[in-house]
Amino acid sequence: MKRVFLFLVTNIAVLVVIRIVLAVLGINSTDQVGSLLAYSAVVGFTGSIISLLMSKTIAKNSVGAEVIVQPRSEEEAWLLATVEAQAHQWSLKTPEVAIYHSPEPNAFATGATRNSSLVAVSTGLLDHMTRDEVEAVLAHEMAHVGNGDMVTLTLIQGVVNTFVVFLARVVSGMIARNNDGSTSQGTYFMVSMVLQIVFGFLASIVVMWFSRQREYRADAGAAKLVGAHKMIAALQRLKGSTSDLPEQMNAMGIASDAKDSLLSTHPSLDNRIARLKNL
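Counting the sequence shown from 1 gives a position; the numbering used here is that position plus 1313.
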């Protein structure tokens, strides 16, 4: 319900802003606006939705993650049992659990729905963390799954993409309009490309803000599940680690050397720890 509410509020806000912009620019053609908005929505959402639907496959292939089907060791059996227990606490179907080879301690969760997800951990995480710390990391990833963060981020990305494409074309049309009412196609194309870059940069600030907030929420969810002290210990252990994930997957991982900025996907570890201490 929270995801639906957030999606509706975001869409309403976008529509209000679009209406204001159109009124300022003197554009009143409902048919023209409707067609452009529909086109923008298709462009804005298509890539995000396809990425979401293929997220598990892409993630597995990108890092070479091996899904645990039948545990081959006591450690793998413990991993499966821990994730299963945490999924039960969230009233969720147990996600696929995978391990990928990397010396850096890291973990991520992905999937198209809350009941069709993947939780993966690196060999570095298993080698360098205690059981309590690994349990906290798994709880953090399960909080992402339980909160529906992957779907919510996709919806927000789709909305802002739509907003970017729509506004870039509306403003470009105004700038490229000649005195006789015709449109200079060359000017329209160039201005549209520049505006998409500018608006895209501004929109990414919104998306990154949400990404940082979801990390705080996942930390809090993990603290509720296994205790704040375990989550704090896990984050402290991650200090000095760098993300080993491909660039397009950095937002998924728990490890990040991010310094708080408008374009960072994660809050700094110090801020995350401070937030947990204040729970």
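In this text, a Cβ means the ideal position worked out from N, Cα and C, and glycines have one as well. Quantities reported herein were computed from a predicted structural model and do not represent experimental measurements.
Proximity below 9 Å, CB of residue i to CB of residue j
i: residue 1357; j: residue 1520; result: no
i: residue 1550; j: residue 1418; result: yes
i: residue 1457; j: residue 1547; result: no
i: residue 1475; j: residue 1528; result: no
i: residue 1589; j: residue 1541; result: yes
i: residue 1477; j: residue 1349; result: no
i: residue 1565; j: residue 1422; result: yes
i: residue 1402; j: residue 1538; result: yes
i: residue 1442; j: residue 1534; result: no
i: residue 1516; j: residue 1501; result: no
Assumed close pair residue i, residue j - CB separation to whole angstroms, cut-off 8 Å
i: residue 1567; j: residue 1420; result: 5 Å
i: residue 1451; j: residue 1399; result: 6 Å
i: residue 1480; j: residue 1512; result: 6 Å
i: residue 1395; j: residue 1448; result: 6 Å
i: residue 1392; j: residue 1381; result: 7 Å
i: residue 1497; j: residue 1491; result: 6 Å
i: residue 1469; j: residue 1514; result: 16 Å between Cβ atoms; not a contact.
Classification of residue i by the beta-carbon crowding that lies within 10 angstroms, buried from 16 upward
i: residue 1412; result: buried
i: residue 1575; result: exposed
i: residue 1460; result: buried
i: residue 1408; result: buried
i: residue 1462; result: buried
i: residue 1572; result: exposed
i: residue 1495; result: exposed
i: residue 1559; result: exposed
i: residue 1376; result: buried
i: residue 1378; result: buried
i: residue 1404; result: exposed
i: residue 1536; result: buried
Given residue i as reference, the closest of the options once Cα atoms are compared
i: residue 1414; options: 1435, 1401, 1465; result: 1435
i: residue 1526; options: 1553, 1405, 1580, 1351; result: 1580
i: residue 1553; options: 1503, 1416, 1410; result: 1416
i: residue 1424; options: 1440, 1373, 1383, 1569; result: 1373
i: residue 1433; options: 1440, 1444, 1410; result: 1410
i: residue 1464; options: 1487, 1362, 1493, 1543; result: 1362
i: residue 1444; options: 1383, 1397, 1487, 1543; result: 1543
Minimum Cβ-Cβ distance from residue i to chain D less than 9 Å
i: residue 1491; result: This model lacks chain D altogether, as it is built from one protein chain only.
- Query: Within the chosen definition, does the segment 1423-1442 reach the segment 1365-1384 through at least 3 CB pairs nearer than 8 Å?
  - Reply: yes
- Message: For the pair the segment 1383-1395 and the segment 1500-1507, tell me if three or more CB-CB distances fall below 8 Å.
- Response: no
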